[in-house]
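First the structure, in the form of structure tokens, and then the observations on it.
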Amino acid sequence: MRVVTTAQPLDVQPTPLALLLLGREADPKSERGVECPGDLPSPSDPDLVARAGAAKEKLGDKVFILGHHYQRDEVIEFADVTGDSFKLARDAAARPEAEYIVFCGVHFMAESADILTGDDQKVVLPDLAAGCSMADMATAEQVAECWDALSEAGIADVTVPVSYMNSSADIKAFTGKHGGTICTSSNAKKALDWAFEQGEKVLFLPDQHLGRNTAVRDMGMSLDDCVVYNPHKPNGGLTAEQLRDAKMILWRGHCSVHGRFSLDSVNDVRARIPGVNVLVHPECRHEVVAAADYVGSTEYIIKTLEAAPAGSKWAIGTELNLVKRLANRFAPEGKDVVFLDRTVCFCSTMNRIDLPHLVWALESLAEGTLVNRIQVDKETESFAKLALERMLALP
47 MRVVTTAQPL DVQPTPLALL LLGREADPKS ERGVECPGDL PSPSDPDLVA
97 RAGAAKEKLG DKVFILGHHY QRDEVIEFAD VTGDSFKLAR DAAARPEAEY
147 IVFCGVHFMA ESADILTGDD QKVVLPDLAA GCSMADMATA EQVAECWDAL
197 SEAGIADVTV PVSYMNSSAD IKAFTGKHGG TICTSSNAKK ALDWAFEQGE
247 KVLFLPDQHL GRNTAVRDMG MSLDDCVVYN PHKPNGGLTA EQLRDAKMIL
297 WRGHCSVHGR FSLDSVNDVR ARIPGVNVLV HPECRHEVVA AADYVGSTEY
347 IIKTLEAAPA GSKWAIGTEL NLVKRLANRF APEGKDVVFL DRTVCFCSTM
397 NRIDLPHLVW ALESLAEGTL VNRIQVDKET ESFAKLALER MLALP
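Here you go:
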């Protein structure tokens, strides 16, 4: 006999994590998932390009639009300057006449721009849900617990924190308060050289791969000199002896885009494209960096391709929007540029900044309505700025 049951409605409530991933609700401890208010234009609106141009023209010199290299082409088209996160923050600081700084990037980048710009300037992030998974991997509470563990091991006073630019304002402030500095992927070695002049050990936040690659590849340390502190385990999953023996205490964080590249990716592309040059970002895993021909920051990647000879072949291990843009740019010069991995991958949070969000933000500002302002509190700003100024003073 066939039994037929009538399905009863399930009382299913979305979890906080699900809401965050959907870009709804708010979590003050996370950069992700803060709801973007207002009515967005439809992405199918054929007039979006014209509307963006009109709003930007109406605002004139009052607005300065920054576009990170990983942004969509449709957004980059309206950027006044493009670059990596630190270059853009400095570009913003160099435009004191601009009342509004519209940062087409992610949350920590907009925070850095707010820290470096004047009090009368207002930094706007077109979509507040544009966060960074790497930056989210280190919270102020977790780092404070880590420092307690270093204190209990008797090494906090000889440990210097070095935090990657890809970190929240809270982490930058912690770094400044504890005598440390900020670094970028371009100057990480300089920052570590400076840190080891100040102390015996470095706590590197939040990207373990950049810290490991710089220490081992650029500074001659061994992998045994590095330990990984896991904030989700008691004492970071390390003994006091392991902490005392280490030179580099690496935070267990990574970039979700760069972390996807593997040694198999490198071997596969070499098999498919004879004579290919493999060029990767130092946020990639150590085995990928060790197998690559060239390693460097986003700006280094661009400059390397600019200087490359016609007919050369390149497999690039970084975010797909940039790789596609470089492939199109250098194709007329006879340079073949491909994505390192067979499976393509955009930075999902960076891609939240799209043309509808940009149009909404610009039109709101043009109408006199300030939206999505990113503002760092004064105490956090003062210590974070101290850490950034130490970086700027590096030789």
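Numbering (my numbering), first residue to last: 47 to 441. Idealized CB from N, CA, C, for every residue including glycine.
Between the region 213–231 and the region 184–196, the count of C-beta pairs closer than 8 angstroms reaches three or more; the two stretches touch. Restricting attention to Tyr146, Ala336 and Asp387, the CA atom closest to the CA of Thr415 is found in Tyr146. In the displayed model, Cys393 falls within coil according to three-state DSSP, outside both helix and strand.
When the alpha-carbon of Val274 is set against those of Val262, Arg263 and Arg258, the nearest one is in Arg258. Taking every protein chain shown into account, the CB of Thr389 has fewer than 16 other CB atoms within 10 angstroms, so this residue is exposed.
According to DSSP, residue pairing for Phe307 in a beta bridge does not occur.
Residue burial is scored here from C-beta neighbours: Leu440 has fewer than 16 other C-beta atoms within 10 angstroms and is therefore classed as exposed. Counting the other CB atoms within 10 Å of its CB gives Asn313 a total below 16, which places it among the exposed residues.
In the DSSP assignment, Ile295 falls outside any alpha helix (DSSP H) and within the unbroken beta strand (DSSP E) covering Met294 to Trp297.
For Ile362, the beta-bridge partners assigned by DSSP are Leu325 and Phe385. At the C-beta level, Thr344 and Ser179 stay beyond 9 angstroms of one another. Ranked by Cα distance from Ser268, the options Lys293, Glu103 and Thr285 are led by Lys293. With at least 16 other beta carbons inside 10 angstroms of its own, Val148 counts as buried. Counting every other CB atom within 10 Å of its CB across the protein chains shown gives His278 a total below 16, marking it as exposed. In this structure, the alpha-carbon of Leu296 lies about 9 angstroms from that of Asn276. Looking from the CA of Arg436, the closest CA among Leu94, Ala101, Met211 and Arg118 belongs to Met211.
A residue is called buried when at least 16 other Cβ atoms come within 10 angstroms of its Cβ; Asp93 does not meet this threshold and is exposed. In the DSSP assignment, Val148 forms a beta bridge with Ile111 and Val170. The C-alpha of Ala138 is placed about 20 angstroms away from the C-alpha of Ala101.
Contact check between the region 305–323 and the region 196–212: fewer than three CB pairs, one atom from each, fall below 8 angstroms, which does not count as touching.
When rounded, the separation of the alpha-carbon atoms in Ala159 and Leu408 is 18 angstroms. Taking the C-beta atoms as reference points, Cys301 is found nearer than 9 angstroms to His255. Under the three-pair Cβ rule at 8 angstroms, the region 376–385 counts as touching the region 341–355. Annotation: the continuous beta strand (DSSP E) that includes Phe250 extends over Lys247 to Leu251. In chain order, His304, Phe307 and Gly363 place their CB closer than 6 angstroms to the CB of Cys330, counting only its own chain and leaving out the 5 sequence neighbours on each side. 9 angstroms or more divides the Cβ of Ser428 from the Cβ of Gly226.
DSSP places Cys192 inside the alpha helix (DSSP H), whose first and last residues are Ala186 to Glu198.
Secondary structure of Arg419 (DSSP, three-state): strand. Taking the Cα of His115 as reference, the smallest distance to any Cα among Asp339, Phe392, Ala241 and Ala234 is reached at Phe392.
Ranked by how close their Cα comes to the Cα of Pro320, the residues Gly357, Arg375 and Val334 have Gly357 in first place.
The beta-carbon separation of Ala98 and Phe124, rounded to 5 angstroms, stays under the 8 angstroms limit for a contact. In the structure shown, the three-state DSSP call for Ile201 is coil. DSSP, read as helix, strand or coil, puts Thr426 in helix.
In this structure, Asn367 places its C-beta atom within 9 angstroms of the C-beta atom of Met396.
Around Phe220, the same chain offers Val189 as residues with beta carbons nearer than 6 angstroms, after the five sequence neighbours per side are excluded. In the three-state reduction of the DSSP assignment, Ser209 falls in the strand class, which pools E and B.
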